[in-house]
Amino acid sequence: MFYGLDPNIVRYLMRKVRKELNFRQNDVSEEDMGYGTISNIERGAENVDEQKVFRYLKKLGLDDERKLTKLVRQVEEDIDNLTFQLQQIESMIDNNKSTIAYPLLKNITIESFHPLAPFLNYLQGRYYYAKKDFKKAEKYYKLAIRLCNRYKLNPKDNIVSACHNELSICSYAQNNLTKAEEDVEKGLSVYDENKERKDIKHSLMTNKILYLIRSSQYFEVAPILEETWGLIPQIDSVHVRLNLYKSRAVFLRKMKKYEEAIDVCKEGIDIARRNRSENRQLGLITVLGSVFFLQKRYEKAKQRFQSVLDYDPEGKFPRRKLEAITFLSIIHLHQKNWSEAENQIKEAIEIGRNTTDVYRLTKALIVCGNIYSSQHQYEKAAPFYQEAEFLTEKNGYKERQHTALLQLAYCFGKMNKENDRNILMNKLVDLQRNLNVQSEDEIYGID
């Protein structure tokens, strides 16, 4: 229709020229080519008469083939240059140089209907996520998706899937697991195998696996994990690959396939070391330590957890430090080293209160309750279980809420608070009926 030129670029030029002429769509409409028709032309609707399209091009002074071709080629060159610039900025953000990237982003001014506007807003979201400003990050990701829908933009890459993936990551960081699962499903539903950013599918699948494991949906995760694990050779991103290694190790641990889990952890740790992925290396070491703990190889487990602390004495990775200290306190609890267990779990709780990671904090709170309960100090244990139960209910961690309720009910029974215990037991029964679980699959140090 457009002399063999890219229709997306021609539609962009139409809107750009009209706005440069200070025309609204109504200003250039005619009796048989109204506002709706012009809107459809600019949005690329398929049911528009071809003759009306050429009449509209003529109104804008774009009907000369040579002139239009020259303009399209110039726009394509500009887009190519801007794409390179945005990709460089994305590389900066990927490599923790967001402070350098931000002024470069702010200096880029393009129209909201520009073909690269979604990419620009996506990078704005990435910048704010790096700053842990999740609300602003979400605003830009949603804007990028909205622009694609509003102007019927058809990016050559899977930027919409990428935005949904990042929205899921934002939701996960804010402890909203349900929303994270919804966003990752949306990202998978709009993914196009024929577009660029093919690796975004791997990230979406890996994140979906993580969310399912976090919500203890092991039956659902098994086939997805097997499918994605088979794609390992195709996954370019080291971070995505290592996330998959960790999820597989956790799943194998759940299935009590401890030796297989150990092999996966060791292989993943080696990949992380070679690629200097410190955070994921420490995460895999922690999982490895937990497997050794379940095998009752306590000294090996303790060595792994302590190595995490030794590697990061300044607390650059607080979530990893929180996990390692919590597991060390569990070992002390198991060995009835009460003072060491108490000191370490209090440190873990303090770290947890200073992060946004409610999931790991609630585990530390339950472990702290277990330490006191194991010493028959039920009055001291109860407040920690109560706080954990409140936070898990608030954030939708139903399985962990089940664990906290169970332990709290036990404490109330020991404290002869039968009315309080009965209330909790009724709540526990309702929760268990909805979840169809016996208890959470986690390591707390009490059999």
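In my numbering, each residue carries its 1-based index in the sequence shown increased by 32. The beta-carbon is built from N, C-alpha and C at its ideal position, and this holds for glycine as well.
Throw me the rounded Cβ distance for the residue i and residue j pair, which I believe falls under 8 Å.
{"i": "Thr238", "j": "Val270", "result": "That belief does not hold up - the Cβ atoms of Thr238 and Val270 are roughly 12 Å apart, past 8 Å."}
{"i": "Leu326", "j": "Arg285", "result": "7 Å"}
{"i": "Cys195", "j": "Ala176", "result": "5 Å"}
{"i": "Glu228", "j": "Asn190", "result": "7 Å"}
{"i": "Ser193", "j": "Gly219", "result": "4 Å"}
{"i": "Thr388", "j": "Ala205", "result": "6 Å"}
{"i": "Tyr223", "j": "Leu236", "result": "7 Å"}
{"i": "Leu463", "j": "Lys430", "result": "6 Å"}
{"i": "Val49", "j": "Leu94", "result": "6 Å"}
{"i": "Ser279", "j": "Ile317", "result": "That belief does not hold up - the Cβ atoms of Ser279 and Ile317 are roughly 16 Å apart, past 8 Å."}
Which partner residues does residue i have in the DSSP bridge list?
{"i": "Met483", "result": "This structure gives no information on residue 483, because the portion of the chain shown stretches from 33 to 479."}
{"i": "Asp268", "result": "In the DSSP output, where bridge partners are listed per residue, Asp268 has none listed."}
{"i": "Val225", "result": "Checking the sequence shown, residue 225 turns out to be Glu, not Val. According to DSSP, which records beta bridges pairwise, Glu225 is partnered with nothing at all."}
{"i": "Asp189", "result": "Glu228"}
Output the distance between the C-alpha atoms of residue i and residue j, rounded to the nearest integer angstrom.
{"i": "Ile384", "j": "His146", "result": "The question names Ile, but residue 384 in the sequence shown is Gly. The alpha-carbon atoms of Gly384 and His146 are separated by roughly 43 Å."}
{"i": "Glu450", "j": "Ala441", "result": "9 Å"}
{"i": "Tyr330", "j": "Cys180", "result": "54 Å"}
{"i": "Lys171", "j": "Glu97", "result": "40 Å"}
{"i": "Tyr391", "j": "Glu74", "result": "48 Å"}
{"i": "Arg47", "j": "Val340", "result": "56 Å"}
{"i": "Lys230", "j": "Asn40", "result": "21 Å"}
{"i": "Glu214", "j": "Leu365", "result": "38 Å"}
{"i": "Lys289", "j": "Ala281", "result": "9 Å"}
{"i": "Glu198", "j": "Phe283", "result": "24 Å"}
{"i": "Leu89", "j": "Ile142", "result": "22 Å"}
{"i": "Glu372", "j": "Ile362", "result": "10 Å"}
{"i": "Gly315", "j": "Leu45", "result": "50 Å"}
{"i": "Pro345", "j": "Leu460", "result": "40 Å"}
{"i": "Glu217", "j": "Ser200", "result": "9 Å"}
{"i": "Gln119", "j": "Trp370", "result": "53 Å"}
{"i": "Asp342", "j": "Gln367", "result": "22 Å"}
{"i": "Gly66", "j": "Gln57", "result": "8 Å"}
{"i": "Tyr161", "j": "Lys167", "result": "9 Å"}
{"i": "Lys332", "j": "Tyr417", "result": "29 Å"}
{"i": "Glu62", "j": "Phe55", "result": "13 Å"}
{"i": "Lys348", "j": "Asn127", "result": "16 Å"}
{"i": "Val469", "j": "Leu437", "result": "With a pLDDT of 48 at Val469, under the threshold of 50, the predicted position of this residue should be treated as unreliable, though the coordinate-derived value follows. Cα to Cα, Val469 sits roughly 13 Å from Leu437."}
{"i": "Pro255", "j": "His408", "result": "43 Å"}
{"i": "Ile140", "j": "Ile121", "result": "11 Å"}
{"i": "Ile377", "j": "Asp268", "result": "38 Å"}
{"i": "Glu292", "j": "Ile132", "result": "43 Å"}
{"i": "Val52", "j": "Glu419", "result": "Position check: residue 52 holds Glu in this sequence, whereas Val was assumed. Their Cα atoms are separated by approximately 60 Å."}
{"i": "Ala169", "j": "Asp64", "result": "44 Å"}
{"i": "Pro415", "j": "Asp165", "result": "31 Å"}
{"i": "Val253", "j": "Trp261", "result": "12 Å"}
{"i": "Glu225", "j": "Lys138", "result": "32 Å"}
{"i": "Ser123", "j": "Lys188", "result": "19 Å"}
Beta carbon of residue i, beta carbon of residue j: below 8 Å?
{"i": "Phe444", "j": "Arg432", "result": "no"}
{"i": "Tyr410", "j": "Met457", "result": "no"}
{"i": "Tyr134", "j": "Tyr159", "result": "yes"}
{"i": "Lys99", "j": "Val60", "result": "no"}
{"i": "Leu185", "j": "Val104", "result": "no"}
{"i": "His234", "j": "Leu257", "result": "no"}
{"i": "Phe324", "j": "Arg305", "result": "no"}
{"i": "Asn427", "j": "Tyr476", "result": "no"}
{"i": "Ile125", "j": "Leu155", "result": "yes"}
{"i": "Ser130", "j": "Lys163", "result": "yes"}
{"i": "Gly68", "j": "Arg43", "result": "no"}
{"i": "Gln3", "j": "Ser405", "result": "Given a span of 33 to 479 for the chain in the structure shown, any question on residue 3 remains unanswerable."}
{"i": "Thr435", "j": "Glu474", "result": "yes"}
{"i": "Glu259", "j": "Tyr277", "result": "no"}
{"i": "Ser248", "j": "Leu209", "result": "no"}
{"i": "Leu320", "j": "Ile303", "result": "no"}
- Message: Three or more C-beta pairs under 8 Å: does that hold for the segment 103-114 against the segment 71-90?
- Response: As far as the Cβ criterion goes, the segment 103-114 does not touch the segment 71-90, which means the pair count is below three.
- Query: Given 8 Å as the limit, is there contact between the segment 355-370 and the segment 378-396, that is, 3 or more CB pairs closer than that?
  - Reply: yes
- Spell out a yes or no on whether the segment 311-329 and the segment 347-356 are touching, meaning 3 or more CB-CB pairs, one atom from each, closer than 8 Å. Taking a contact to require three or more Cβ pairs closer than 8 Å, the segment 311-329 and the segment 347-356 qualify as touching.
- Query: Would you call the segment 388-404 and the segment 414-431 touching, i.e. three or more CB-CB distances under 8 Å?
  - Reply: Yes, the segment 388-404 is in contact with the segment 414-431.
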